[in-house]
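Residue numbering for the sequence shown is -25 to -1, 1 to 307, as defined by mature numbering (1 follows the signal peptide of the UniProt record, and there is no 0). Even glycine gets a Cβ: it sits at the ideal position worked out from N, Cα and C. Read the structure below first, then the notes.
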Amino acid sequence: MKRRKFIQNASLSTFGIAVGSSVFASEKNIFSSEKKSPQIETASFPLVIATWNVNDSTAEAWRVLQEGKSALDAVEKGCMVEEANAEGQSVGIGGLPDRDGNVTLDACIMNKEGDYGAVVYLQNIMHPISVARKVMEDTPHVILAGKGAEQFAISEGFKPVDLLTDASKKAWEEWKKTSQYKPIINIENHDTIGMLAIDKNGDISGGCTTSGLAYKMAGRVGDSPIIGSGLFIDNEIGGATATGLGEEVLKTVGSFLIVELMRQGKTPQQACEEAIRRIIKKSPNYKDFQVGYIAVNKKGETGYYSIHDGFWVTKYQNDKNENFSSDFYDKK
Ligand code: SD4
């Protein structure tokens, strides 16, 4: 079943809870429908955790980690799987376009040294995560935007491609009939892939890649490529990444907040919950939008939390690639 479809169809599952200083999560493997023991200690690495049901991506990242490569290599390769998946309508090729019919991509990557690279409003390039890595490693800058980012990518050997697939074009044409812009919880394209990995040396890196909100205004950039908002890594402490309505994540600098809360002693779960509460406090209209966070600390403990039901994460750890339904704030 396609991921988006699955998210829409997913029935209520069991939900994660944080206990003491370790994170335990109740879980359900959606692909085998096998029920697991409700409380499983999650700390250990290497590990990969990503937003949404992206088992192929986490499997690729895991494969890279098993070769002994770095967490940075793992998140890049893992994110690339979704970027190349033309059926995924929120990342890379096949992403839903902006109001004018242009597919514009945002991505960023952070390594264990705290270096960061990003591309925003990138068009015609299939792998923004790799371009972001090149920005980080091969330029004196941290963010390249639009035409400049595209020219840089081409100069680095990336091939231009048409990112608008027939399916996404059709969806956009359908949308144009009403041109109503209203984010719909869990359906309005909340499939951005944010990925965190810890390699065998215990070093942490992260990546985040998206086509942003469907039918956004031309020129709109979300949280995903912005350091501290869509992603933040501090190799001494841990990492966090976000999905959902980017404007809300940006206003609360969510991923940085989570890492700082972990620095102060909170578990990844507690930190994700606090970051969601900050959004709730600020935005009385939180019922109308979704945000989900995932986090990992240096020990390999993980956490995830969202405003509403319907947020899923994928984790590859201890040789198991599994999907987890996130606990959430709005219990009605
Ligand atoms: C954005 N946070 O551009 C992204 C959207 C998202 O799945 O998460 N989509 O605001």
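For glycine 182, the uninterrupted beta strand (DSSP E) run begins and ends at 179 to 185, by DSSP. Valine 271 and proline 243 have their C-alpha atoms some 6 Å from each other. Here glycine 70 is near serine 186, since their CB atoms are less than 8 Å apart. In the DSSP assignment, asparagine 28 falls outside any alpha helix (DSSP H) and carries neither an H nor an E. Taking the C-beta atoms as reference points, glutamine 98 is found nearer than 8 Å to valine 78.
Per DSSP, the unbroken alpha helix (DSSP H) holding alanine 146 starts and ends at 141 to 151. Not one heavy atom of the ligand SD4 lies closer than 7 Å to the C-beta of alanine 18. Using a cutoff of 7 Å, the CB of threonine 184 does not count as near the ligand SD4, since none of the ligand's heavy atoms is closer than that. The beta carbon of glycine 203 sits no closer than 7 Å to any heavy atom of the ligand SD4. Here DSSP, grouped into helix, strand and coil, assigns leucine 232 to helix.
Between valine 288 and alanine 49, the beta carbon gap of about 16 Å keeps them out of contact (Cβ cut-off 8 Å). In the three-state reduction of the DSSP assignment, glutamine 126 falls in the helix class.
Using a C-beta cut-off of 8 Å, the region 164 to 175 makes contact with the region 31 to 49, since at least three inter-stretch Cβ pairs fall below that distance. Just so you know, the alpha carbons of isoleucine 212 and valine 234 end up roughly 7 Å apart. For the 8 Å CB-CB criterion, glycine 285 and threonine 216 do not form a contact. The ligand SD4 approaches alanine 217 closely enough that one of its heavy atoms is under 7 Å from the residue's Cβ. Nearest to phenylalanine 133 by C-alpha distance, out of Ile255, Val110, Trp150 and Asp305, is Val110.
Taking 3 residues as the shortest admissible run, the region 51 to 123 contains the following complete beta strand (DSSP E) segments, listed from N- to C-terminal end: 80 to 85, 91 to 97 and 118 to 120. A direct Cα-to-Cα measurement between aspartate 294 and aspartate 75 gives close to 44 Å.
By the C-beta criterion, the region 222 to 238 is judged to be in contact with the region 187 to 199, since at least 3 inter-stretch pairs fall below 8 Å.
According to the DSSP assignment, glutamine 245 belongs to the alpha helix (DSSP H) that extends over 243 to 257. Close CB contacts of aspartate 90 within its chain, under the 7 Å cut and outside five residues either way in sequence, are with Met111 (chain order).
With a cutoff of 7 Å, serine 258 does not count as near the ligand SD4, since its C-beta is closer than that to no heavy atom of the ligand. Boundaries of the alpha helix (DSSP H) harbouring leucine 225: 221 to 227, taken from the DSSP string. Annotation for lysine 295: the continuous beta strand (DSSP E) segment containing it runs 295 to 300.
In the structure shown, tyrosine 190 adopts coil according to DSSP, grouped into three states. Checking the 7 Å criterion, the Cβ of serine 65 is within range of a heavy atom belonging to the ligand SD4.
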